[in-house]
Every structure is written in C-alpha cells, then in structure tokens.
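**Student:** According to this note's numbering, the stretch in the sequence shown is residues 428 to 1075, in order.
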Amino acid sequence: MADIDTVLIEKRRFKPPAIFSKKARIGSLAEYRKLYAKAEKNPDKFWAERAAELRWTKKWKKVLDWSGAPFAKWFTGGQLNASDCCLDRHVETWRKNKAAIVWEGEPGDARVLTYGDLHRETCKFANVLKGLGVKKGDRVTIYMPLVPELAIAMLACARIGAAHSVIFGGFTSQSIADRVEDAESRVLITADGGWRRGGIVPLKANVDDALTKTQRVEKVVVFRRTAHDVPMKQGRDFWWHELMQDASPDCPAEPLDSEHMLYILYTSGTTGKPKGVVHTTGGYMTWAHATTEWVFDLREEDTFWCTADIGWVTGHTYVVYGPLSNGATVVMYEGAPNFPGNDRFWSIVEKYRVSILYTAPTAIRAFMKWGDEWPAKHDLSSLRLLGTVGEPINPEAWMWYQRMIGGGRCPIVDTWWQTETGAILVTPLPGATPTKPGSATLPLPGIFPEILDSTGKPCKPDQGGLLTISRPWPSMLRTVYRDPERYKTQYWSRFPGKYFTGDGARFDRDGYLWIMGRVDDVIKVAGHRLGTAEVESSLVSHPKVAEAAVVGKPDELKGEAICAFVTLRSGQPKSDELRRELQEHVAKTMGSFAKPEQVRFTDSLPKTRSGKIMRRLLRKIATGDETLGDTTTLEDLSVLAKLREDEE
Ligand code: WT7
C-alpha cells in the first residue's frame, strides 16, 4: 500500500481548563508522561495495579502469559466475576441505594434502578436462565431494545458464567440467524418490540423470522416493552415477567477464571461472515474499569451518559461494564435523538443534569445541521466533560461540540478504539492533555501504537501509514470465536508480532495521533461498522441479482454512505423500481441502517486477473473521481468505461 497523503493541517489547540486539571486524577502532561514511562518500564507492575481495582475471589499468579502468542492470557490463576464487580461490591456499601441506571423510554416513560434493584433483578434473572438450562460456558444471544433489562440480561449471563452475544436491535432476520448459528445459542432473549421515532421496532417478529432460518434456538425469553400483540410459540417462547415472578433473588456469583469468556460481539470484517470477537473476564474488566475512571475522570457524583446502543462495543464497555464496575450513575435512553423534537438529547441532559456526555461524530454532525436553536433552548450547564467515539471527528464538528454543547468550558476526549481492543487505547486525558480538534492525541499508559509503512518500517512524523499496537494489553480480543486461524491472519500476519488495527494513521510532530480511516473494506456508516461482504451477500440473496460489490463513499452527515454495484441475472430489466426493491431487501434481511444509499447497475464488475473485485476503483467511481490511476490489472477494461457511462 502506498503512503497515505495528509491533507488535514490543524493548528488550533486547547489546554485543559485549570479548574479541571486541579481536581483531575491525572492532572498534567508531566504526570501522564511519568505514568507512561512507568508502564513502559515495568508493565507487569502497572497492569497488576490496574487489576487490583477489581474484586478478585482468588488472586492471579501471572500478569501476562504471552507464551502462546498471539493468543494472550492475562492474570492467570486468578478468579473473579464481572457481575460481582459491577453489583455485589457496591451493594455491600452505601451505594446499595445509589442510582445505577437512570432510564428514559422514547415515549417519555422513565425508571430509576438503584444498585440494590439491579443486583436483585440480575440475581433473579440468573436463576431464570439456570431454570431454562443455561450452564456455565453456554452462549446466550440477546436482541433487545435499550431497556434496563438488557443490562440485567448481560449481567445475569456473566453471573453464571454464560457468555452473552448481544445483537444490535437495528439488525434483522438474516443477521440474527447467522450470529445465533455461529455462537450456537440455545437460548435467546428479546422483547416484543422497542420504540423508535414513534414507531415500534418489531423485535419479536424479526426473531420469529430469524428462527425459520436456524434450528439452534430452543427457548426464547420475551420482555414486554411495547405491549403490542405478538404471537408466542408454545413451549419455545416465555414472557420475561412470568418467569421472573417466582424466581429467587438469591444467586451467588460464580467465581470464574480470569480467562473465562465474558462475551462474544460480532463485528464486520472484510470477507465472509461476521467475526465473533471474544472478550474474557479479568483483562477486559481491568481495562474497562481503569479507562472509565481515567478518561472520563469519573466522580462519585457524576451522571454519565454514553449514548451508544448496548448492541455495539461502546455500550458494552461504557454503558454497562466500565461505569457499573466504578459504581457510577449511568443514563440510558431508548430512542431516537430527534423524537419528538430535534432537542431530545438536550432535554435529557437538562432533566437529569448529565455531567459527562459521550457520543458519536455522526450524531454531532446531525445536531449541527439541525441548528443551534435546539441546544440553545436548554440549560446544559451541568455538563463538565464531552467525549466522542466511532469515527474521525472533523475539526468543524469538534469546534461546534465544544462551543454549543460544552459552552467552551468542557474538555473533549476524542477516544480511539475498536470492538477488538475492548476499551479505549488512544485519547486525551481531560485534565492533562492539550487537545487539537480532530486528533485522538496520545496513547494511554500501557499502550504502544506504531505507524508502519507497507514494508514494516516506522513512519516519520506526518507520514501516513498503518496503525499497529506493538505490545499486548489486557482488554485485547482473545480470538475470533471458533476461528483462531482468522484471528491470526486478520490481526497478526500483516506485521509479525504486532496487532494490526486496519486503520490508516499518522503521528504529527508532537506525537499526536491522527486517524485517517480504514485501509480495508470496512465501511463506517453513521459510526456503525459494516463489512462489504455481509451487505453483498444480502444483495446476492435477492433472486434477480447475480453479483454485487459495495463500497463506501464520503457522506457529509453519516461519514460514509453505501454505494452498491449490482449485476443482474440475465434477462432482468434494470429499473428504478428494482433499485428500490433491492434497497428494501437489504433493509429487510440485514437492517435499515445497512441500506445502500445508491444502487448502480452494471453488466459486469471490474476484477483483477485473479478474480478479486477492484474496490479501490469502484470507490473512485462512486465518488466521481476521474483520476482512476493504474488499471492495468483490470480483466476487462471496457467494464470501467461502461460503469462511468452508467450514470444515475
Ligand atoms: C473503528 C472501530 C470504538 C468503539 C466504536 C467503534 C474507527 C473509532 C475513532 C476515533 C477515528 C475512530 C476506526 C476503528 N474509530 N474511534 N476516535 N477517531 N476513528 O468500534 O465498530 O469496532 O470500529 O472505528 O476506524 O478502527 P468499531
């Protein structure tokens, strides 16, 4: 891969506000550097100190066992339970009656669950799971709206040592079936529906449809949320509230080995089916806990709102495990940011006096577009810290966020990480790191990023290259579920001994990291990660489609939008109607967030001699780029001209 060009030069910088630094856990750049050096010199000691912040029923013998690299084992010999760390140890203190979850439904209904409530409900549901035959080591699939019961279901799984696999509620039948099948889940937890933009997301109907495509699931638990009529299949489907009625609130947390699997989270890769990213207990919890405390400088009295859906890793780590392990109060909101009005987020911030807000650039860009009058209507003075995650934030959106939402007084933490990294790796520390709009700034202590050129040589400052992490860290993924080979080739074969992130990046002269986007075929639509392969197989599953290739193209609002190139089966006429039909087909089989914005028909796809689709070329065609570069490896050059003629 050729070097990546830098076009973005950003000169503005913002020092942490003095009053923030004075109180912060890490209060200066010097302090950060000291900690960084300490972690570099004696990593075992550094990580052991972090792990000691959790509650272990048995202390570990060895911090890191890297003898089976790239398969890491952290805190071996130790035992703990994530549900115990998040609940029991708080319930044993004054926090028993502290709010754990402040929840608001889209229609405006609200609930507050204390740590005591959350503990009791989790214990009861853990007993329900046991009653359904769920055992330690099993995988339970969860497909729910953003309600407290989603967190309860996850913590209940963790409590008995079953791994959860949460599927984002925006996915539909085929995606659910594929994930259930890969995880071999016999139990699935869902709801009748969820509220979104005033309408019902038919979760139960999607499950029913998915279960016609896989025979794996034996029992379905259905939480009643929308209370519309849903068919219940005798012997397979059970109402949550009925099972909970007589469940015992007594369920001690199972002590689990540090490397016991906590969860699988499916994420899109470049090829084939989605990858089941595996996270285990001790290491994941250690870094989820520490990063929540450091990056958000979390205080007992904070009201922390991470707006991500729990179906993505951001929700796993910064709605559930990180904040709850720290005994924090989290806000959860079920619905859309623009329902009933464009100021829903700001009314929630005002109502609950949210102090830390963590959201995505794509949301910020939408707020910007909707206009300043919406946040201006609300008192946002409770906010003291802002965060972003999921994709690069353009400096203008950063500036708007800082001014309009943060009132110029809140530091912004632009946090870089991935499903695979489990928790934040690169970010400013709000009391220590001067920020530059658009840069994720510096690696956290214990994290060693390197940017390499295609030959593996480190890049010079301002030279773009491939982002790698050169030492293991505790919350790293352990493997791809049931596919260790894929884990090795995907992450560890590009540069032996180094974790390859799939991102392009550069360091500037101050050592600040600038992410330049994916270098593979992963598309980021509204911050959601989509693999080209899954969308393509959805398209190809339509009876009129012979072949399809999808690429991302820049989109002002969503970051990237999907453009699909489709070859129809012979004799099928091209029409706008079919175009719409294909868009709907993807929405139906995968979820509407994966719907291609553009469908372009073509008689054939440009391929290399070895038969690989030339996406680089398609990307350029999608963006209307005329300098198509080297096309000598194209199998059929006429295809290219055709594609460009084929305008909408
Ligand atoms: C990819 C990972 C991290 C949780 C949510 C996304 C991109 C993530 C940033 C950031 C620039 C970012 C990268 C990364 N990304 N955070 N602060 N600045 N890019 O997790 O779905 O696994 O996606 O998101 O490209 O590789 P994910």
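Ideal Cβ positions, reconstructed from N, Cα and C, are used throughout, including at glycine.
The model shown is predicted, which means the values in this text are computed figures rather than measured ones.
Examine the Cβ distances between the segment 701-716 and the segment 759-766 and report whether three or more of them are shorter than 8 Å.
**Tutor:** Segments in contact, no.
**Student:** Going by C-alpha distance, which of Ala680, Ala618 and Ile950 is nearest Val657?
**Tutor:** Along the sequence shown, one-based indexing puts residue 657 at 230. Nearest option by C-alpha distance: Ala618.
**Student:** Quick one: does the C-beta of Trp530 sit closer than 7 Å to a heavy atom of the ligand WT7?
**Tutor:** On the sequence shown, position 103 is the one that residue 530 refers to. Not so, every heavy atom of the ligand WT7 lies at least 7 Å from the Cβ.
**Student:** Report the three-state DSSP secondary structure of Gly883 (helix, strand or coil).
**Tutor:** As a working mapping, residue 883 is identified with position 456 in the sequence shown. Three-state result, Gly883: coil.
**Student:** Output the boundary residues of the alpha helix (DSSP H) element that contains Lys461.
**Tutor:** The residue given as residue 461 occupies position 34 in the sequence shown. It spans Leu456 to Lys468 - the alpha helix (DSSP H) in which Lys461 sits, taken as one unbroken run.
**Student:** Let me know the secondary structure DSSP gives Trp501 once reduced to three states.
**Tutor:** The count along the sequence shown starts at 1 and reaches residue 501 at position 74. Of the three classes helix, strand and coil, the one that applies to Trp501 here is strand, per DSSP.
**Student:** With contact counted as at least three CB pairs below 8 Å, one residue from each stretch, are the segment 853-872 and the segment 719-730 in contact?
**Tutor:** Yes, the segment 853-872 is in contact with the segment 719-730.
**Student:** What three-state label does DSSP hand Thr719 in the structure shown?
**Tutor:** For the purposes of this step, residue 719 is identified with residue 292 of the sequence shown, where counting begins at 1. Helix at Thr719.
**Student:** For the ligand WT7, is there a heavy atom less than 7 Å away from the beta-carbon of Arg945?
**Tutor:** Here residue 945 refers to the residue found at position 518 of the sequence shown. Yes; taking the cut-off as 7 Å, the Cβ of Arg945 has a heavy atom of the ligand WT7 nearer than that.
**Student:** DSSP has Trp530 in a bridge; who is on the other side?
**Tutor:** Within the sequence shown, residue 530 is the residue found at index 103, counting from 1. DSSP output for Trp530 lists Arg538 and Met759 as bridge partner(s).
**Student:** Less than 6 Å between C-beta atoms, sequence neighbours within five positions excluded: which residues of the same chain meet that for Trp773?
**Tutor:** Translated into the one-based positions of the sequence shown, residue 773 becomes position 346. Excluding sequence neighbours, Trp773 sits near Pro802 and His805.
**Student:** In or out: Thr1035 buried (at least 16 other Cβ within 10 Å) or exposed?
**Tutor:** Locating residue 1035 in the sequence shown gives position 608, where the first residue counts as 1. It is exposed - the Cβ of Thr1035 has fewer than 16 other Cβ atoms within 10 Å.
**Student:** My assumption, with CB atoms under 8 Å, is that His668 sits in contact with Leu689. Please give the rounded CB distance.
**Tutor:** Position 241 of the sequence shown, counted from the start, is the residue given in the question as residue 668. Position 262 of the sequence shown, counted from the start, is the residue given in the question as residue 689. Contact flag wrong, Cβ pair sits at about 27 Å.
**Student:** Mind checking which residues open and close the beta strand (DSSP E) that includes Tyr785?
**Tutor:** For the purposes of this step, residue 785 is taken as the residue at position 358 of the sequence shown. Start and end: Ile783 to Thr786.
**Student:** Looking at Lys951 and the ligand WT7, is the gap between the Cβ and the nearest heavy atom below 7 Å?
**Tutor:** Numbered from its first residue, the sequence shown carries residue 951 at position 524. Yes, Cβ of Lys951 sits closer than 7 Å to a heavy atom of the ligand WT7.
**Student:** Compute the distance between the beta-carbons of Arg1115 and Asp935, then report whether it is under 8 Å.
**Tutor:** One cannot answer for residue 1115 here, as it falls past the ends of the chain, which runs 428 to 1075.
**Student:** Between the alpha carbons of Glu987 and Ser881, how many angstroms are there, rounded?
**Tutor:** Counted from its first residue, the sequence shown places residue 987 at position 560. Counted from its first residue, the sequence shown places residue 881 at position 454. Taking the straight line from one Cα to the other gives about 25 Å.
**Student:** Measuring from the CB of Arg792, is there a heavy atom of the ligand WT7 at a distance below 7 Å?
**Tutor:** As a working mapping, residue 792 is identified with position 365 in the sequence shown. Arg792: no, Cβ never under 7 Å from the ligand WT7.
**Student:** Using a threshold of 7 Å, is the CB atom of Ile896 nearer than that to any non-hydrogen atom of the ligand WT7?
**Tutor:** For the purposes of this step, residue 896 is taken as residue 469 along the sequence shown, with counting starting at 1. No, the beta carbon of Ile896 sits no closer than 7 Å to any heavy atom of the ligand WT7.
**Student:** Could you pull out every residue in the same chain whose Cβ sits closer than 7 Å to the Cβ of Met1041, ignoring the five residues on either side in sequence?
**Tutor:** Taking the sequence shown and counting its residues from 1, one reaches residue 1041 at position 614. Around Met1041: Pro1033, Lys1034, Thr1035 and Leu1061.
**Student:** Taking 7 Å as the cut-off, is the beta-carbon of Thr815 closer than that to any non-hydrogen atom of the ligand WT7?
**Tutor:** One-based indexing of the sequence shown puts residue 815 at position 388. At least one heavy atom of the ligand WT7 is nearer than 7 Å to the Cβ of Thr815, so yes.
**Student:** Mind checking whether the beta-carbon of Val978 lies closer than 7 Å to any heavy atom of the ligand WT7?
**Tutor:** Taking the first residue of the sequence shown as position 1, residue 978 is located at position 551. Not so, every heavy atom of the ligand WT7 lies at least 7 Å from the Cβ.
**Student:** Quick one, which of Val967, Thr862, Leu893 and Arg921 has its alpha-carbon nearest Pro876's?
**Tutor:** What you label residue 876 is simply residue 449 of the sequence shown in a count that begins at 1. Per the Cα distances, Leu893.
**Student:** Whole angstroms are fine: how far does the CA of Leu514 sit from the CA of Phe545?
**Tutor:** Your numbering for residue 545 matches position 118 in the sequence shown. Your numbering for residue 514 matches position 87 in the sequence shown. Rather than Phe, the amino acid found at residue 545 in this sequence is Leu. Those two C-alpha atoms are separated by around 7 Å.
**Student:** For Thr1060, name the three-state secondary structure that DSSP assigns.
**Tutor:** As a first step, residue 1060 must be located in the sequence shown, where it is residue number 633. Low per-residue confidence applies at Thr1060: pLDDT is 49, beneath 50, and the placement is therefore not dependable, though the value from the model is reported in the following sentence. Thr1060: coil per DSSP, three-state reduction.
**Student:** When the Cα of Asp1052 is compared with those of Gln1025, Tyr939, Pro981 and Thr719, which residue comes out closest?
**Tutor:** Locating residue 1052 in the sequence shown gives position 625, counting from the first residue. Checking every option, the nearest Cα to that of Asp1052 belongs to Pro981.
**Student:** State the Cα-Cα distance for the pair Gly938 and Gly883, rounded to the nearest angstrom.
**Tutor:** As a first step, residue 938 must be located in the sequence shown, where it is residue number 511. As a first step, residue 883 must be located in the sequence shown, where it is residue number 456. Whole-angstrom Cα-Cα distance: 19 Å.
**Student:** Looking at Tyr542: is its Cβ nearer than 8 Å to the Cβ of Lys562?
**Tutor:** Reading the sequence shown from its first residue, position 115 is the one you call residue 542. Reading the sequence shown from its first residue, position 135 is the one you call residue 562. No. Outside cutoff.
**Student:** Roughly how many angstroms lie between the CA atoms of Lys472 and Asp511, to the nearest whole one?
**Tutor:** As a working note, residue 472 is residue 45 in the sequence shown. As a working note, residue 511 is residue 84 in the sequence shown. Their Cα atoms are separated by approximately 24 Å.
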